[in-house]
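Here the UniProt record's numbering is used: position 19 in the sequence shown is 19, and no number is missing along the way.
We put the beta carbon where it would ideally sit given N, CA and C, even for glycine.
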Amino acid sequence: MSAEFPRAGFWRRFASLIYDTLVIIAFAMLTTVLYLLAVQGLISLDLLSIGDAEDVSAFIQNSPLLYGIRSVLLVIVSVSFFSYFWAKSGQTIGMRAWRLKVQTLDGHLISWHQGALRAITALLGLGNLVVLVDFKNKRALQDYIAKTEVITLTKEENKRIYRSLD
Numbered sequence: 001m002s003a004e005f006p007r008a009g010f011w012r013r014f015a016s017l018i019y020d021t022l023v024i025i026a027f028a029m030l031t032t033v034l035y036l037l038a039v040q041g042l043i044s045l046d047l048l049s050i051g052d053a054e055d056v057s058a059f060i061q062n063s064p065l066l067y068g069i070r071s072v073l074l075v076i077v078s079v080s081f082f083s084y085f086w087a088k089s090g091q092t093i094g095m096r097a098w099r100l101k102v103q104t105l106d107g108h109l110i111s112w113h114q115g116a117l118r119a120i121t122a123l124l125g126l127g128n129l130v131v132l133v134d135f136k137n138k139r140a141l142q143d144y145i146a147k148t149e150v151i152t153l154t155k156e157e158n159k160r161i162y163r164s165l166d
């Protein structure tokens, strides 16, 4: 455990997750629009045919391959979002608002690999429920698997991290 800052509890993590969920929804919408445009471009070039589907969206939903590609893209975008911010500063947008930081057990920034592992094993945030029963360590499922911890920063330290990114 970080000697300087306490580990974060469930409710602060949950509030941060709500903020980050809104950002992920925006990224998912952008990704979907770009994917629809790409498929529409392939249809325009006569490389794909929508057959008897009403429109491009219906065509994608009726095609297991195209629907699967879209789903994989959304997962990649979400995992990349978290991995990037955690590896760069230890904080996502929601974590910054709630003064949280994810780090290795010895206080360093996590790697992209740890970030991806942590994002996937968070199970859409359900991994945080472990914090409710882990009174002593206050670590979530994803923290145990990725060998990380989430700490609560002071206002001053949170500002210092934010300023150091400029």
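Span of the beta strand (DSSP E) around residue i
i, result
"E54", "That residue, E54, is in no beta strand (DSSP E); it is neither H nor E in DSSP."
"Q103", "100 to 104"
Enclosing alpha helix (DSSP H) for residue i [first to last residue]
i, result
"I43", "10 to 44"
"R118", "112 to 121"
"S80", "64 to 88"
"G127", "Run containing G127: none; DSSP gives neither H nor E here."
Euclidean distance between Cα positions of residue i and residue j
i, j, result
"L141", "L124", "12 Å"
Identity of the residue in the options nearest residue i by Cα
i, options, result
"A58", "I151, V72, N137, V39", "V39"
"Y84", "R160, R118, L65, G68", "R118"
"Y162", "L105, P64, G94, V56", "G94"
"F14", "A122, P64, W112, E54", "A122"
Legend entry - Entirely enclosed beta strand (DSSP E) segments - the region 136 to 163, minimum 3 residues: 148 to 152
Inset, instruction - Tell me, please, whether the region 40 to 50 touches the region 86 to 101 by the rule of three or more beta-carbon pairs shorter than 8 Å. - result: no
Legend entry - Segment contact flag, the region 70 to 87 with the region 126 to 140, C-beta cutoff 8 Å, min 3 pairs: no
Legend entry - Inter-stretch contact (C-beta, 8 Å, three-pair minimum) for the region 27 to 34 and the region 139 to 153: no
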